[in-house]
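Colleague:
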Amino acid sequence: MIEVEHLSKKFGNFTAVNDISFSVKQGEMFALLGPNGAGKSTTIKMLTTLLKPTSGNLTLNGHSVTKNQDATRKSFGIVFQDPTLDNDLTAYENMQLHAVMYKVPSREIKHRIQELLTLVELWERRNSLVKTFSGGMKRRLEIARGLLHHPVVLFLDEPTLGLDTQTRNLLWNYVSNLAKEKEMTILFTTHYLEEAEANASRIAIIDHGKLIAIDTADKLKTLTHTKTLEQAYLKLTGKDLRDEAVDPHEAWRSRVRARNMR
Amino acid sequence: MKVIYILWLRQIKRYVRSKSRIVGAIGQPLLFLLALGYGLGSVYKAAGQGNYLEFLVPGIMAQTVLFSAMFYGAMIVFDRQFGFLKETLVAPVSRFKIMIGGALGGATTAVIQGLLVFVISLALGFRPHDWLRLPIALLFMIALAVAIASFSSGIGSFVEDMQGFQAINQFLVFPLYFLSGALYPLDHVPTWLRIIAEVNPISYTVDAMRWAVVGTTKFGLLHDVIALSLTIVVLLVFGAIRFRHIEA
Numbered sequence: 009m010i011e012v013e014h015l016s017k018k019f020g021n022f023t024a025v026n027d028i029s030f031s032v033k034q035g036e037m038f039a040l041l042g043p044n045g046a047g048k049s050t051t052i053k054m055l056t057t058l059l060k061p062t063s064g065n066l067t068l069n070g071h072s073v074t075k076n077q078d079a080t081r082k083s084f085g086i087v088f089q090d091p092t093l094d095n096d097l098t099a100y101e102n103m104q105l106h107a108v109m110y111k112v113p114s115r116e117i118k119h120r121i122q123e124l125l126t127l128v129e130l131w132e133r134r135n136s137l138v139k140t141f142s143g144g145m146k147r148r149l150e151i152a153r154g155l156l157h158h159p160v161v162l163f164l165d166e167p168t169l170g171l172d173t174q175t176r177n178l179l180w181n182y183v184s185n186l187a188k189e190k191e192m193t194i195l196f197t198t199h200y201l202e203e204a205e206a207n208a209s210r211i212a213i214i215d216h217g218k219l220i221a222i223d224t225a226d227k228l229k230t231l232t233h234t235k236t237l238e239q240a241y242l243k244l245t246g247k248d249l250r251d252e253a254v255d256p257h258e259a260w261r262s263r264v265r266a267r268n269m270r
Numbered sequence: 039m040k041v042i043y044i045l046w047l048r049q050i051k052r053y054v055r056s057k058s059r060i061v062g063a064i065g066q067p068l069l070f071l072l073a074l075g076y077g078l079g080s081v082y083k084a085a086g087q088g089n090y091l092e093f094l095v096p097g098i099m100a101q102t103v104l105f106s107a108m109f110y111g112a113m114i115v116f117d118r119q120f121g122f123l124k125e126t127l128v129a130p131v132s133r134f135k136i137m138i139g140g141a142l143g144g145a146t147t148a149v150i151q152g153l154l155v156f157v158i159s160l161a162l163g164f165r166p167h168d169w170l171r172l173p174i175a176l177l178f179m180i181a182l183a184v185a186i187a188s189f190s191s192g193i194g195s196f197v198e199d200m201q202g203f204q205a206i207n208q209f210l211v212f213p214l215y216f217l218s219g220a221l222y223p224l225d226h227v228p229t230w231l232r233i234i235a236e237v238n239p240i241s242y243t244v245d246a247m248r249w250a251v252v253g254t255t256k257f258g259l260l261h262d263v264i265a266l267s268l269t270i271v272v273l274l275v276f277g278a279i280r281f282r283h284i285e286a
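Structure follows, in structure tokens:
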């Protein structure tokens, strides 16, 4: 469902993603782990057409991500790390706008919105402006919106950041059901290793732009002779703290801006 | 078409819901009308130029459309900061449709603001020269609004914060506005200033508005219409090209 072949991305001299290859099968829940600045978000940006790779091939649902952008865009849904809702529209209006942009047939729009908003328990609040929502409600709305056009692949970039335990639990239950029942392919990133261990069928660990391990949680533990995934992760990525907290894409753009100012 | 419509509608809904934006955008032209209209009116009359309010109203209407349409670019900057821009950029919709839908929405709100200013000036005692020309004034306002909203989408697509956007406003839009003849005649200014005024597209819009609202023109209606048409084409192309390279 997702094929990544020799993917690289350079920002000036800095290599954010360095020759990464992996593939994800249909119905799989795949976790992408790594310290801040490792290249997770850059990889997702390239898979979701927001950023062009420097080299390598990307295929999603049979479409070349770089050559056939619109077909790719229709195939996936995404929940970004930061909210991407229009706060001055209601929940229903945010959903409706998405449905129209993704060409959901008009006669189905209302039904699908009701079904999804009910599922994430926001139907009662459909006519409230999104700016009145809590962080958890916004995240639930974003997930409902990401599913509105029936994508075959769902990207979740740190979907549970800042959410309470109840919301996280509901979210993972729902997402793993999508993978099991609808055979949806899920690719997610997280810093909570227990979430990766509990939900992912396979885990890829990237660091400094390179893929350093890819396997099931159990095999990663065996491989590193450790007892927990956290120990395995720390053994693979080291205990050093990372300075690259900023998105390398963002950092590169601000360097270019600074240079242009001179 | 549906995509353009829903993105247009988004701008309208946001506008109608933001009372402070409506009031704020009326405040500035009202201040100009009152302060300049009453403040300079007597000087203008003493200089033998006639009724200053008549001179001023079409200029202020153009000003309102100009700055309201410019504000649309700031909305793109906000969309980037609040993340919504990403949602539109991963959607299977061409960048051109996204730009046109939003710009038409921004242009519509700008025209509404311009009409509100016209109503206010009626309350201040202003009367148009010929009511039948009002639909033509409306056309000119729409043309200016579409041109400037396209321009500001182009600017908004690469300016990353409000400060950058304000800089463009301060160093480009304000000077062009003050050199457009909207507030005072530019017949007796130094030659270099007059040249700027004569290549300034805003001058022709102001002149066209003055023809439609008070019946006088400096460049002639034909020149105004040609200049305004050229401006729309150039700024639409500029906006579309810049917006194609927009990054979330």
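Chains A and B, in that order, give the protein sequences. Once you know that position 160 of the first sequence is 168 in our numbering, the rest is easy, because the numbers rise by one and skip nothing. Once you know that position 42 of the second sequence is 80 in our numbering, the rest is easy, because the numbers rise by one and skip nothing. The beta-carbon is built from N, C-alpha and C at its ideal position, and this holds for glycine as well. Just so you know, these numbers come straight off a predicted model, no measurement behind them.
#1: When you compare each of B:155, B:232, B:197 to residue 164 of chain B by their alpha carbons, which one comes out closest?
#2: Taking residue 118 of chain A as the reference, give the member of A:128, A:132, A:100, A:109 with the closest Cα.
#3: DSSP beta-bridge partners for residue 218 of chain A?
#4: What is the residue span of the beta strand (DSSP E) that residue 208 of chain A lies within?
#5: Compare the Cα-Cα distances from residue 244 of chain A to each of A:55, A:211, A:89 and report the closest residue.
#6: With a cut-off of 8 Å, does the C-beta of residue 82 of chain A fall near any C-beta of chain B?
#7: Who are the neighbours of residue 22 of chain B on chain A, taking C-beta pairs under 9 Å?
#8: Please list the residues of the segment 138-165 of chain A that have a C-beta atom closer than 7 Å to any C-beta atom in chain B, keeping them in chain order.
#9: Helix, strand or coil: how does DSSP classify residue 85 of chain A here?
#10: Could you confirm whether any beta carbon from chain B is found closer than 8 Å to the beta carbon of residue 22 of chain A?
#11: Considering only the beta carbon of each residue, do residue 214 of chain B and residue 224 of chain B sit closer than 8 Å?
#12: Does the contact criterion of 3 or more C-beta pairs under 8 Å hold for the segment 178-186 of chain B versus the segment 98-106 of chain B?
#13: Tell me which residues share the same chain as residue 257 of chain B and place their Cβ nearer than 7 Å to its Cβ, disregarding the 5 neighbours each side in the sequence.
#14: Write down every uninterrupted run of the beta strand (DSSP E) in the segment 147-193 of chain A whose length is 3 residues or greater and which is fully enclosed by it, in chain order.
#15: Does the beta carbon of residue 46 of chain A fall short of 7 Å from some heavy atom of the ligand FMN?
#16: Can you check whether the C-beta of residue 209 of chain B is within less than 8 Å of a C-beta belonging to chain A?
#17: Taking the alpha carbon of residue 238 of chain B as the reference point, which residue from B:211, B:173, B:285 has its own alpha carbon closest?
#18: In the structure shown, what three-state DSSP assignment does residue 11 of chain A receive?
#19: Measure from the C-beta of residue 67 of chain A to each C-beta in chain B and report whether the shortest distance is under 8 Å.
#20: Give me the Cα-Cα distance between residue 92 of chain A and residue 139 of chain A, rounded to the nearest whole angstrom.
#21: Residue range of the alpha helix (DSSP H) that residue 179 of chain B falls in?
#22: In this structure, how does DSSP classify residue 136 of chain A when only helix, strand and coil are distinguished?
#23: Buried or exposed for residue 62 of chain B, please, with buried defined as at least 16 other CB atoms from any protein chain shown within 10 angstroms of its CB.
#24: Shorter than 8 Å from the beta carbon of residue 134 of chain B to some beta carbon of chain A?
#25: Using a Cβ-Cβ cut-off of 7 Å (strictly less than) and excluding sequence neighbours within five positions of residue 124 of chain A, which residues of its own chain qualify?
#26: Quick one: any contact between the segment 122-133 of chain B and the segment 74-93 of chain A, if contact means 3 or more CB pairs under 8 Å?
#27: Out of curiosity, what's the CA-to-CA distance linking residue 51 of chain B and residue 108 of chain B?
#28: Within 10 angstroms of the Cβ of residue 54 of chain B, are there 16 or more other Cβ atoms? Answer buried if so, exposed if not.
#29: Is residue 214 of chain A buried or exposed, if buried means 16 or more other CB atoms sit within 10 Å of its CB?
#30: When the Cβ atoms of the segment 217-232 of chain A are set against those of the segment 69-76 of chain A, are three or more pairs found closer than 8 Å?
#31: Work out the CA separation of residue 170 of chain B and residue 158 of chain A for me, nearest whole Å.
#32: Distance check for residue 27 of chain A and residue 144 of chain B, CA to CA, integer angstroms please.
#33: Are the C-beta atoms of residue 48 of chain B and some chain A residue less than 8 Å apart?
#34: Which runs of the alpha helix (DSSP H), 4 residues or longer, sit entirely within the segment 193-265 of chain B?
#35: Within 8 Å (strictly less), CB to CB, does residue 196 of chain A reach chain B?
#36: Report yes or no: do the segment 189-207 of chain B and the segment 59-73 of chain B share at least 3 C-beta pairs separated by less than 8 Å?
Modeller: Taking the structure as given:
#1: In terms of CA proximity to residue 164 of chain B, B:155 leads the group B:155, B:232, B:197.
#2: The residue with the shortest Cα to Cα distance from residue 118 of chain A is A:100.
#3: Beta-bridge pairing by DSSP links residue 218 of chain A to A:215.
#4: For residue 208 of chain A, no beta strand (DSSP E) run applies, since DSSP gives it neither H nor E.
#5: Here the closest residue by C-alpha is A:211.
#6: Cβ-Cβ to chain B under 8 Å: yes for residue 82 of chain A.
#7: Given a span of 39 to 286 for chain B in the structure shown, any question on residue 22 of chain B remains unanswerable.
#8: For the segment 138-165 of chain A, which is checked against every Cβ of chain B, not one residue is closer than 7 Å.
#9: DSSP places residue 85 of chain A in strand when its eight states are reduced to three.
#10: Not closer than 8 Å to any Cβ of chain B, the Cβ of residue 22 of chain A fails to qualify, so no.
#11: Against a cut-off of 8 Å, the Cβ pair of residue 224 of chain B and residue 214 of chain B comes out as no contact.
#12: With the rule of 3 Cβ pairs closer than 8 Å, the segment 178-186 of chain B counts as touching the segment 98-106 of chain B.
#13: Closer than 7 Å at the Cβ level, and outside the excluded window around residue 257 of chain B, lie 242, 245.
#14: Fully enclosed beta strand (DSSP E) runs of 3 or longer: 161-165.
#15: You won't find the ligand FMN in this model; it holds no ligand whatsoever.
#16: Chain A, which has no Cβ nearer than 8 Å to the Cβ of residue 209 of chain B, makes this no.
#17: From the listed residues B:211, B:173, B:285, the smallest Cα separation to residue 238 of chain B is found for B:211.
#18: In the structure shown, residue 11 of chain A adopts extended strand secondary structure according to DSSP, grouped into three states.
#19: No, because no Cβ of chain B sits closer than 8 Å to the Cβ of residue 67 of chain A.
#20: Distance between the alpha carbons of residue 92 of chain A and residue 139 of chain A: 12 Å.
#21: Residue 179 of chain B -> alpha helix (DSSP H) spans 172-196.
#22: When secondary structure is reduced to three states using DSSP, residue 136 of chain A falls in the coil class, being assigned neither helix nor strand.
#23: Burial is judged here by how many other beta carbons sit within 10 angstroms of a residue's own beta carbon; residue 62 of chain B has fewer than 16 and is exposed.
#24: Cβ-Cβ to chain A under 8 Å: no for residue 134 of chain B.
#25: Taken in chain order, the residues that qualify are 152, 155, 156.
#26: Yes, since at least three Cβ pairs between the segment 122-133 of chain B and the segment 74-93 of chain A fall closer than 8 Å, the two stretches touch.
#27: Taking the straight line from one Cα to the other gives about 18 Å.
#28: Classification of residue 54 of chain B: exposed, given that the 10 Å Cβ count is below 16.
#29: Buried: at least 16 other Cβ atoms inside 10 Å.
#30: Flag = no, the segment 217-232 of chain A and the segment 69-76 of chain A do not touch.
#31: The straight-line gap from Cα to Cα measures roughly 53 Å.
#32: Between residue 144 of chain B and residue 27 of chain A, the C-alpha separation is close to 44 Å.
#33: At a cut-off of 8 Å between beta carbons, residue 48 of chain B contacts chain A.
#34: You should have 200-206, 212-216, 229-237, 239-252.
#35: Interface residue (Cβ-Cβ distance to chain B less than 8 Å): residue 196 of chain A is not classified as such.
#36: No, they do not touch.
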